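Presented below is the structure to which this report refers.
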Amino acid sequence: MTPNQAALEALRGSNIELMLGCPKLHSSRPSQQPFQCTNWVKTNVLNFYPSVRIKYIAVGNEVSPVNGDTSLAKFLLPAMQNVYQAIRSAGLHDRIKVSTAIDMTLIGVSYPPSQGAFRGDVRGYLDPIIGYMVYCSSTTTC
Numbered sequence: 011m012t013p014n015q016a017a018l019e020a021l022r023g024s025n026i027e028l029m030l031g032c033p034k035l036h037s038s039r040p041s042q043q044p045f046q047c048t049n050w051v052k053t054n055v056l057n058f059y060p061s062v063r064i065k066y067i068a069v070g071n072e073v074s075p076v077n078g079d080t081s082l083a084k085f086l087l088p089a090m091q092n093v094y095q096a097i098r099s100a101g102l103h104d105r106i107k108v109s110t111a112i113d114m115t116l117i118g119v120s121y122p123p124s125q126g127a128f129r130g131d132v133r134g135y136l137d138p139i140i141g142y143m144v145y146c147s148s149t150t151t152c
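All letters in the sequence shown, in the order written, are residues 11 to 152 by this note's numbering.
Next up, the structure:
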């Protein structure tokens with residue numbers, strides 16, 4: 011999921027749609043510093059778009075408030091907001107959507123899909139993320 015500059019270069023003009031991952035932006039204080047996200051977008055998106063068809067940016071990878079390094083969870087939404095603002099500043103917010111990969115253990119009900127729901131104990135964590143994605147007209151990627 012982490013952008014590889016050589017791979018992005020090779021994809022120029024290929025018409026292949028991509029999801030880029032930025033798993034490190036949520037890892038500590040830099041997620042609260044918009045210039046870090048702006049620099050990431052310049053390096054990995056603006057240097058290649060539109061000749062590389064970047065459609066989505068996934069911030070973080072299965073960040074969870076209850077599993078693994080839970081200290082990272084508080085940084086995910088600010089990182090998503092900062093990446094979105096960098097994309098918006100570049101005028102690409104209607105073409106490139108910001109999302110995240112959800113830890114599947116946070117899903118309480120998965121079947122049938124029409125009855126799907128997140129676990130009650132993580133709703134306080136996920137609801138603001140989902141609300142922000144709705145606000146940005148983004149998509150959830152699991």
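We put the beta carbon where it would ideally sit given N, CA and C, even for glycine. Here the structure is a predicted model, which is why all the values come from computation and not from measurement.
Which residues DSSP lists as bridging residue i, in chain order
| i | result |
| --- | --- |
| ASN71 | ALA111 |
| GLU19 | DSSP, once it has assigned bridges, lists no residue as partnering GLU19. |
| PHE128 | ILE117 |
Cβ neighbour criterion (16 or more within 10 Å) applied to residue i
| i | result |
| --- | --- |
| GLN91 | buried |
| LYS107 | buried |
| PHE45 | exposed |
| ALA89 | buried |
| MET143 | buried |
| ASN54 | buried |
| VAL62 | buried |
| GLY134 | exposed |
Reference residue i; option with closest CA among the options
| i | options | result |
| --- | --- | --- |
| VAL69 | ARG129, TYR135, GLY23, THR12 | THR12 |
| VAL51 | GLN95, SER74, GLY118, TYR145 | GLN95 |
| ILE26 | ILE64, ARG133, VAL55 | ILE64 |
| TYR59 | ASP131, GLY101, ALA111, SER124 | GLY101 |
| GLY78 | MET114, ARG105, ASN49, SER124 | MET114 |
C-beta atoms of residue i and residue j nearer than 8 Å
| i | j | result |
| --- | --- | --- |
| PHE128 | GLY141 | no |
| TYR66 | SER109 | yes |
| LEU116 | LEU86 | no |
| GLU72 | ILE112 | yes |
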